[in-house]
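In mature numbering (1 follows the signal peptide of the UniProt record, and there is no 0), the protein residues as written are -21 to -1, 1 to 213.
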């Protein structure tokens, strides 16, 4: 399977990730705008059309959603500019940009609490609501014949796509910074064998991410990690 990874088209990989991003963005837009009356699980083009038709039903949710989205991009652009303006503090601005999501979530959680603290039964905009405490249904899953037959036919393709995805993205990530010598050390065959032959529970999940972490550390040590993401931010 290693030779398959070496001939993966970066164009098709980019198309897949772009399509996924568009699908997610279109699906989340109605919720961000407070538009209801149709299912966001339909085909992407149908959700897009229904969203345009429902713009007249936009609610206060849009004020929260659009302002939060704007703040995320403003912080990213500001950190990108500051990193170029003060290169000595490039690493600091990178981590500030990385933490912008947590900051915005905390800020808007506080705003939501201040706005809806006295109107919990009829909030001004849609909120998450009550979350049950603890784990409600904890237990060993029952593996019966019906459950196994439901996913058995999809398992081979899922495994192949899983391995190819991780190795291909890791290689393309390294090649983007011309780290060819280090990328060449990524052996798809050894990676596949490590994942599926190690009997230790939990290690498979760790090893699936180990390849990306190796590239991450490599770029971090060379200070290329920040240049890469800052160039992407532009």
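From the three backbone atoms N, C-alpha and C, an ideal C-beta is built for every residue, glycine too.
None of these values were measured; they are calculated from a predicted model.
What's the C-alpha gap between residue 24 and residue 88?
For the purposes of this step, residue 24 is identified with residue 45 of the chain shown, where counting begins at 1. For the purposes of this step, residue 88 is identified with residue 109 of the chain shown, where counting begins at 1. Cα-Cα distance, rounded: 32 Å.
The alpha helix (DSSP H) enclosing residue 40, as first and last residue numbers:
Locating residue 40 in the chain shown gives position 61, where the first residue counts as 1. Per DSSP, residue 40 belongs to the alpha helix (DSSP H) from 40 to 64.
Should residue 62 go down as buried or exposed, given a rule of 16 or more other Cβ atoms within 10 Å for buried?
On the chain shown, position 83 is the one that residue 62 refers to. With 16 or more Cβ atoms within 10 Å of its Cβ, residue 62 is classed as buried.
Decide if residue 176 is buried, meaning its Cβ has at least 16 other Cβ atoms within 10 Å, or exposed.
Your numbering for residue 176 matches position 197 in the chain shown. Annotation note: pLDDT 47 at residue 176 (below 50); position unreliable, no value reported.
When we look at the beta-carbon of residue 44 and count the other beta-carbons within 10 Å, is it buried (16 or more) or exposed?
Numbered from its first residue, the chain shown carries residue 44 at position 65. Result: buried.
Within 8 Å, strictly: CB atoms of residue 19 and residue 6:
Numbered from 1 along the chain shown, position 40 holds the residue referred to as residue 19. Numbered from 1 along the chain shown, position 27 holds the residue referred to as residue 6. Taking 8 Å as the Cβ cut-off, residue 19 and residue 6 qualify as a contacting pair.
Can the beta-carbon of residue 12 be found less than 8 Å from the beta-carbon of residue 47?
The residue given as residue 12 occupies position 33 in the chain shown. The residue given as residue 47 occupies position 68 in the chain shown. Contact flag unset, no.
Nearest-angstrom Cβ-Cβ length linking residue 8 and residue 30, presumed shorter than 8 Å:
Looking up residue 8 in the chain shown gives position 29. Looking up residue 30 in the chain shown gives position 51. Indeed, because the Cβ distance is near 5 Å, the residues count as touching under 8 Å.
CA-CA distance, residue 116 and residue 65?
Here residue 116 refers to the residue found at position 137 when the chain shown is read from its first residue. Here residue 65 refers to the residue found at position 86 when the chain shown is read from its first residue. Near 51 Å, if we compare the C-alpha coordinates of residue 65 and residue 116.
Could you work out which residue in 129, 22 and 73 is closest to residue 54 when comparing CA atoms only?
The sequence position of residue 54 within the chain shown is 75, counting from 1. Closest by alpha carbon: 73.
Looking at the structure shown, is residue 295 part of a helix, part of a strand, or coil, going by DSSP?
This structure cannot settle anything about residue 295, because the visible part of the chain is limited to -21 through 213.
Euclidean distance between Cα positions of residue 59 and residue 83:
The residue labelled residue 59 in the question sits at position 80 within the chain shown. The residue labelled residue 83 in the question sits at position 104 within the chain shown. Cα to Cα, the separation comes out at about 18 Å.
Would you call residue 3 buried or exposed, if buried means 16 or more other Cβ atoms sit within 10 Å of its Cβ?
Looking up residue 3 in the chain shown gives position 24. Flag for residue 3 reads exposed.
Quick one, which of 97, -11 and 76 has its alpha-carbon nearest residue 52's?
As a first step, residue 52 is located in the chain shown; it is residue number 73 there, counting from the start. Residue 76 is the option with its Cα nearest to residue 52.
Have a look at residue 138 and residue 106 and give me their C-alpha separation to the nearest angstrom.
On the chain shown, position 159 is the one that residue 138 refers to. On the chain shown, position 127 is the one that residue 106 refers to. When rounded, the distance between both Cα atoms is 37 Å.
Would you check if the distance between the CB atom of residue 39 and the CB atom of residue 130 is smaller than 8 Å?
Within the chain shown, numbered from 1, the residue matching residue 39 stands at position 60. Within the chain shown, numbered from 1, the residue matching residue 130 stands at position 151. Contact: no.
Please report how far the alpha carbon of residue -13 lies from the alpha carbon of residue 17, in whole angstroms.
Translated into the one-based positions of the chain shown, residue -13 becomes position 9. Translated into the one-based positions of the chain shown, residue 17 becomes position 38. Our two residues, residue -13 and residue 17, have alpha carbons roughly 37 Å apart in a direct line.
Buried or exposed: residue 140, going by 16 or more other Cβ atoms within 10 Å of its Cβ?
By 1-based counting over the chain shown, the position of residue 140 is 161. It is exposed - the Cβ of residue 140 has fewer than 16 other Cβ atoms within 10 Å.
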